[in-house]
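All remarks here apply to the structure that follows.
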Amino acid sequence: MQNLAELTKRLITGNVEFVLVGGFAAIAHGVLRSTRDVDVCCRFSEENLMRIQKALADLHPVYRPRTDLPLELTPELCGSLKDLYLKTDLGILDCLGEIKGVGGFEDVARHSVELELPIGRCRVIDLDTLIIAKEAMDRDHDRISVRDLKEIKKRQQQR
42 MQNLAELTKR LITGNVEFVL VGGFAAIAHG VLRSTRDVDV CCRFSEENLM RIQKALADLH
102 PVYRPRTDLP LELTPELCGS LKDLYLKTDL GILDCLGEIK GVGGFEDVAR HSVELELPIG
162 RCRVIDLDTL IIAKEAMDRD HDRISVRDLK EIKKRQQQR
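Numbers 42 to 200, taken from the working numbering, label the letters of the sequence shown in order.
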């Protein structure tokens, strides 16, 4: 059963250092659209990756696309990871070390805002930077999101 909100809440309560990006970030900014996964930009330190593993442990996380490999991080593996694509009992989680058009975790964190969401308080990539990232991705669904995000920005500026 997919429950992306609960999946994100696990990261919050697990004290994972992350910034919400992608479709869930667009929703947090007011886009009325669904998403099939949770995208986060996170710090790829051993400590933070181990927090992710612990937060998801009972959700049977496996690597995507090889769903026969359970998530079993080691210090050596943590040192070599740049991205981490997972499937869990609650849905898909993409942990990214870099966001196209923006940069790595520190850059993304600098361009984020802390928002109170129904699942808890977390950092979300800011509206302008999300537009930049979505434009850089240049996929069909990203272009639709850019249109919606620009409309939200326009309405905010008119207030």
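Note that the Cβ used here is the ideal one computed from N, Cα and C, for glycine as well.
Asked	Found
Find the nearest neighbour of residue 119 within the set 71, 187, 91 and 46, judged by alpha-carbon distance.	91
Assign residue 137 to one of three DSSP states: helix, strand, or coil.	strand
With a threshold of 8 Å, are at least 3 pairs of Cβ atoms found where one atom belongs to the segment 63-75 and the other to the segment 103-114?	no
Could you give the distance in angstroms between the alpha-carbon of residue 70 and the alpha-carbon of residue 116?	36 Å
Mind checking who residue 128 pairs with in its DSSP beta bridge?	103 and 133
Within the segment 51-112, note down every full beta strand (DSSP E) run reaching 3 residues or more, in order along the chain.	59-62 and 78-83
So, for residue 164: in the same chain, excluding its five sequence neighbours on each side, which residues have a beta-carbon less than 6 Å away from its beta-carbon?	60, 153 and 155
What distance in whole Å lies between the Cβ atoms of residue 178 and residue 141, which are believed to be in contact at a cut-off of 8 Å?	6 Å
Mark residue 96 as exposed unless 16 or more other C-beta atoms lie within 10 angstroms of its C-beta, in which case mark it buried.	buried
Would you mind working out which of 113, 192 and 160 sits nearest residue 48, comparing C-alpha positions?	160
Quick check on this structure: which residue in 132, 93, 188 and 167 has the alpha carbon closest to the alpha carbon of residue 58?	93
According to DSSP, simplified to helix, strand and coil, what is residue 185?	helix
Our contact map puts residue 143 next to residue 170 with C-beta atoms below 8 Å; I'd like the distance itself, whole angstroms only.	6 Å
Distance, Cα to Cα, residue 100 vs residue 199?	44 Å
Could you check what DSSP says for residue 154 in three-state terms: helix, strand or coil?	strand
DSSP three-state label for residue 165, please.	strand
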